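Protein chains in written order, with the working numbering: chain A, 26 to 200; chain B, -17 to 361.
Reading through the structure tokens given below for one structure.
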């Protein structure tokens, strides 16, 4: 039980910390997707990891210690897959990728450019409570902008609807 | 064989009790029973979202917040207390193989005093597996129909017969979210991403024609509205991320914007999930607020609870909060506010009325739930 409580505390500590850290981001940057609220299908097919994506090549530093503050997690709401047996771009073995996803627009501090991030859920297993739960909401909207909504099970269109964890896929530049 | 084992075990157990002196000390044989109901008095119902399994509802004493019992629903649940407080409705999903397989979406009608099932029935498995919120499960004003939010992710509303326990029909509501029943008649109102508010009118079979859409009322890019809404003086009151109330008159053919009420001040904004609560006898709206807002802070835990006099549209009180993300208030002349924090704790506030409204925490209990999402009271 204490492990579960520790996990819970960790989860919320991370969420609060991430909120504080992201407070410096300015309001008003929005992508065309933020305007249209388009739902991406098949995002899990994915794009190559961009060469300046340091996290893909190095798991050290503050970002590794705090997965929620990593720049591409600006609109994530879920358990991170890299602590669930997968990676930031790969679902853990034996799961399925969500057929639909929500989208965030996050600024990469390395080049000051905005990128469209597809947040796909991985489906068909229970969540791993040892994994960090991140709750960032930049540009998030209620279900009337479904493609920007993160308070829903994005495994909803899969055969296997059990929510497991969330990956964050760079889809391309937003602007 | 089974009978023989029972006989042998009984002898062993009875012998052991005799040897231990239990009978010798005069303890009378006891009778196993089930408590018929929770004790009389005020009660508060706290839903644990249960992202990793069932969504339980913990039932607490409304005065001291001690645990009195619980209700267990499926996963990704929400709940709604009927206006007369006689039924607690829930909608939730049951997956055939727990994390995969065929989905059964179930509507339960619970007796909030005995915590037992009054009625249950299945509806379309399209029911939205969304975070518990007021706009995704509602009952019509006469209590005959239930309005249930679907998402595949295409959105629609299921009309169910609450009396017969039957799924009647699905009404497509593309680009719109939540459904709040009209004060009279068979209609509901929903928020749409193009900034309009749409009103759908359905018949006894649950079918609806084209919606009556308002003019553009809000800007989902610049100052989006939360899905949470309160029915106040016959109108629907929404709140924007930036801290403006949008009062919608949905009594006519199509919804109209009655007025907007910018109530916040620089450096403060609303935050949370089910973040508003309205007490009719005092005509007071309570809302969770946080400081230093930014793009993405709209679910931030509360630092203060603000009270707004809905007669004058003025903020008449600001009280210390305890990191809550959802709240409710009693319907009594002396309001009691219950709020749930992001760590799973529950807080009870007494409300001092008058020109200045002050909330004082009178009880709190930590660790009630893992993932609290919505709270109701039965008084």
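Heads up, the beta-carbon is just placed ideally off N, CA and C, and yes, glycines get one too.
Nothing here was measured: the structure is a model prediction, and the numbers come from that model.
Taking C-beta atoms as the reference points, residue 181 of chain A and residue 134 of chain B count as a pair closer than 8 Å.
Taking the Cα of residue 350 of chain B as reference, the smallest distance to any Cα among B:165, B:43 and B:361 is reached at B:43.
A direct Cα-Cα distance of roughly 15 Å separates residue 312 of chain B from residue 68 of chain B. Against residue 182 of chain A, the close residues of chain B are 134 and 135, in the order they occur along the chain (beta-carbon pairs closer than 9 Å). Excluding sequence positions up to five before and after residue 193 of chain A, its CB lies within less than 7 Å of the CB of 97, 98, 101, 113, 142 and 144, all in the same chain and listed in chain order.
Taking residue 101 of chain B as the centre and dropping the five residues before and after it, the same chain places the C-beta of 91 and 147 closer than 7 Å to its C-beta, in chain order. Sixteen is the threshold: when 16 or more other Cβ atoms of the shown chains lie within 10 Å of the Cβ of residue 31 of chain B, as they do, the residue is buried. Close partners of residue 178 of chain A in chain B (Cβ separation under 7 Å): 58 and 111. Looking only at B:205, B:272, B:277 and B:265, the smallest Cα-Cα distance to residue 242 of chain B is reached by B:205. Residues of the segment 157 to 171 of chain A that bring their beta carbon within less than 8 Å of a beta carbon in chain B comprise 160, 161, 162, 163, 164, 165, 166, 167, 168, 169, 170 and 171, in sequence order.
Contacts with chain A (Cβ-Cβ distance below 7 Å) from the segment 135 to 162 of chain B involve 135, 137, 157, 158 and 159, listed in chain order.
Excluding sequence positions up to five before and after residue 345 of chain B, its CB lies within less than 6 Å of the CB of 46, 47 and 330, all in the same chain and listed in chain order. By the Cβ criterion, the segment 139 to 158 of chain B is not in contact with the segment 224 to 242 of chain B, since fewer than three pairs of Cβ atoms, one from each stretch, lie closer than 8 Å.
Among the residues of chain B, those whose CB is under 7 Å from the CB of residue 188 of chain A are 33, following chain order. The residue from B:83, B:202, B:21 and B:127 with its alpha-carbon nearest to that of residue 175 of chain B is B:202.
Residue 116 of chain A sits in coil when the DSSP states are folded into three classes, being neither helix nor strand. Less than 8 Å divides the Cβ of residue 209 of chain B from the Cβ of residue 168 of chain A. Nearest CB-CB separation between residue 111 of chain A and chain B: not below the 8 Å threshold. Counting only unbroken stretches of 3 or more residues, no beta strand (DSSP E) element lies wholly within the segment 167 to 196 of chain A.
If you compare the alpha carbons of B:63, B:25, B:302 and B:79 with that of residue 35 of chain B, the shortest gap goes to B:79. The beta carbon of residue 281 of chain B falls within 8 Å of a beta carbon belonging to chain A, placing the residue at that interface. For the options B:182, B:264 and B:266, the alpha carbon positioned closest to that of residue 235 of chain B is the one of B:182. Annotated three-state conformation of residue 213 of chain B is strand, per DSSP.
Ranking B:166, B:119, B:189 and B:195 by CA distance to the CA of residue 160 of chain B puts B:119 first. For the segment 197 to 215 of chain B, residues whose beta-carbon sits nearer than 8 Å to a beta-carbon of chain A comprise 202, 203, 206, 207, 208 and 209. With a threshold of 16 other beta carbon atoms within 10 Å, residue 189 of chain B falls short and is exposed. Here residue 141 of chain B really is in contact with residue 127 of chain B; their C-beta atoms are around 6 Å apart, less than 8 Å. Secondary structure at residue 200 of chain A: coil, using DSSP grouped into helix, strand and coil.
Annotated three-state conformation of residue 334 of chain B is strand, per DSSP. Closest option to residue 140 of chain A, judged by alpha-carbon separation, among A:147, A:129 and A:146: A:129.
Using a Cβ-Cβ cut-off of 9 Å, residue 185 of chain A is close to 77, 79, 81, 82 and 83 of chain B, given in chain order. Listed in chain order, the non-local C-beta contacts of residue 115 of chain A below 8 Å within the same chain comprise 106 and 192, local neighbours out to five positions each way being set aside. Approximately 7 Å separates the beta-carbon atoms of residue 333 of chain B and residue 318 of chain B; this is inside 8 Å, confirming the contact. Here DSSP, grouped into helix, strand and coil, assigns residue 93 of chain A to helix. Here residue 49 of chain B is exposed: its Cβ has fewer than 16 other Cβ atoms, across all protein chains shown, within 10 Å.
In this structure, the CA atom of residue 117 of chain B is about 12 Å from the CA atom of residue 218 of chain B.
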